[in-house]
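Engineer: Here the working numbering is used: the first residue of the sequence shown is 96, the next is one more, and so on. Using N, Cα and C, we set each Cβ at its ideal position, and we do this for glycine too.
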Amino acid sequence: MSGASGSGGSGVVRNSALSFVAPAQPSPDQDVPSNLQDTSKEQTGQDCLVPAGLKALCDACAKVYPDQPNPLQVTTRLKYWLGGQDPLDYISMYWNPGSPDEHIPPHWHYISFGLSDLHGDGRVHPAGWQAAAGYGLELTLRLAAPPPPAAPPLWPAALLQALARYVFATGNKFYAGDHISWHAPLDGGGSRLRHLLVAQDPQLPPTDGPFGTVNFLQLVGCTGRELRAAQRGSGFDVLKLISEDHRSESYNTMFPTALYAWVLKVDNEFWMVY
């Protein structure tokens, strides 16, 4: 999608038919918002008939979040293979407490399920084992939020679905170092972040599943200036330069990590890569 808008004529992320799936067994200290709708009994952590590809991804997430076997999720009301428009079966939202030692703030970690082959029976992707499961990738996104966490916003889930529709419609895949021209505020409001860079998710390494390998790619919001720099050079270099760019502390808060460090404050919300 480099160089092309992924948001339609208006540039606004169009919210698809997404609804919350309530956790099957919320932990005693988990604050489950009262407005969650239990719209599906298909729970990725509870159903004994969980598709093998989906289970492999859930197992990978469980290594990072062993205390959250039933994260908050959104799902489509009509699955893609039944004629729905949204390819992602689920988008899980894990609460990440951050790391004070590394100056990483608490945040929501959104993870897609559906760009890779979850089922292995040909309903969405070619059946059987492939070198890359389906499109060989899933998308992630991190959005900082102060604890205790309230209900996570849905616009990141709608954004992930829009990008998944682009991949399914064109066959074009994303890779770490790519840039995505969006040409609209990513949150549908007044954010200065109007485009995306693609990085490797630092906590989720590539996973070998039953139907092939899956790579977790993290989306990072960027400004128009940063997009133009990525178009002229390297997305990796731009991510690195952003981490070293000491802009006004009233707008930008930096923190160090082993990969890249970036937290950008926009209207009390943060996009981050680390």
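With DSSP run on the structure shown, which of helix, strand or coil describes Val262?
Structural biologist: In the structure shown, Val262 sits in a helix (DSSP, three-state: H, G or I).
Engineer: Can you check which of these residues, Leu213, Leu291 and Gln298, is closest to Lys158 by C-alpha distance?
Structural biologist: Gln298
Engineer: On a CA-only basis, which of Cys153, Gly178 and Trp176 is nearest Pro166? Give me that one, please.
Structural biologist: Nearest to Pro166 by alpha-carbon distance, out of Cys153, Gly178 and Trp176, is Cys153.
Engineer: Measuring alpha carbon to alpha carbon, tell me which of Thr302, His202, Pro301 and Leu292 ends up nearest Pro242.
Structural biologist: His202
Engineer: Taking Cβ positions, are Asp212 and Phe306 nearer each other than 8 Å?
Structural biologist: Contact flag set, yes.
Engineer: Would DSSP call Gln313 helix, strand or coil?
Structural biologist: strand
Engineer: Under the three-state reduction of DSSP, which class applies to Val159: helix, strand or coil?
Structural biologist: helix
Engineer: Applying the 10 Å Cβ sphere with the 16-neighbour rule, what's the burial state of Gly231?
Structural biologist: Flag for Gly231 reads buried.
Engineer: Where Ala226 and Ala259 are concerned, what is the direct C-alpha to C-alpha distance, given to the nearest angstrom?
Structural biologist: 20 Å
Engineer: How about Ile186 and Gln168: are their beta carbons less than 8 Å apart?
Structural biologist: yes
Engineer: Anyone know if the C-beta pair for Leu149 and Phe208 falls short of 8 Å?
Structural biologist: yes
Engineer: So Arg320 is in the alpha helix (DSSP H); what residue range does that whole segment cover?
Structural biologist: Taken as a continuous stretch (DSSP letters only), the alpha helix (DSSP H) holding Arg320 covers Gly319 to Arg327.
Engineer: Hey, how far is the Cα of Gly179 from the Cα of Trp224?
Structural biologist: 25 Å
Engineer: Report yes or no: do three or more beta-carbon pairs, one from the stretch 282 to 296 and one from the stretch 307 to 322, lie closer than 8 Å?
Structural biologist: yes
Engineer: Does DSSP classify Val219 as helix, strand or coil?
Structural biologist: coil
Engineer: Using only the heavy atoms of the ligand MG, determine whether one of them is closer than 7 Å to the beta carbon of Ala279.
Structural biologist: In terms of ligand content, the structure shown is empty, and the ligand MG therefore cannot be addressed.
Engineer: Counting Cβ pairs, one atom from each stretch, are 3 or more of them under 8 Å apart for the stretch 320 to 331 and the stretch 267 to 286?
Structural biologist: yes
Engineer: Is it right to say Ser276 is buried, meaning 16 or more other beta carbons lie within 10 angstroms of its own, or is it exposed?
Structural biologist: It is buried - the Cβ of Ser276 has at least 16 other Cβ atoms within 10 Å.
Engineer: Quick test of your reading: Thr171 and Ala228, contact by CB under 8 Å. State the CB separation rounded to the nearest angstrom.
Structural biologist: So it is not a contact: roughly 20 Å between Cβ atoms.
Engineer: In whole angstroms, what is the alpha-carbon distance linking Asn310 and Leu144?
Structural biologist: 24 Å
Engineer: Secondary structure at Gln256, three-state DSSP: helix, strand or coil?
Structural biologist: In this structure, Gln256 counts as helix in the three-state DSSP scheme.
Engineer: Under a Cβ-count criterion, where at least 16 other Cβ atoms within 10 Å of its own Cβ denotes burial, should Thr235 be classed as buried or exposed?
Structural biologist: buried
Engineer: Run through DSSP, which three-state label would Trp224 get?
Structural biologist: coil
Engineer: Which one of Asp216, Ala155, Ala279 and Glu321 has the shortest CA to CA distance from Ile206?
Structural biologist: Answer by Cα proximity: Ala155.
Engineer: With H, G and I counted as helix, E and B as strand and the rest as coil, what does DSSP make of Asp273?
Structural biologist: coil
Engineer: Which residue comes first and which comes last in the beta strand (DSSP E) that contains Tyr185?
Structural biologist: Here the beta strand (DSSP E) through Tyr185 covers Tyr185 to Asn191.
Engineer: Bridge partners of Val333, per DSSP?
Structural biologist: Partner(s): none; Val333 has no beta bridge.
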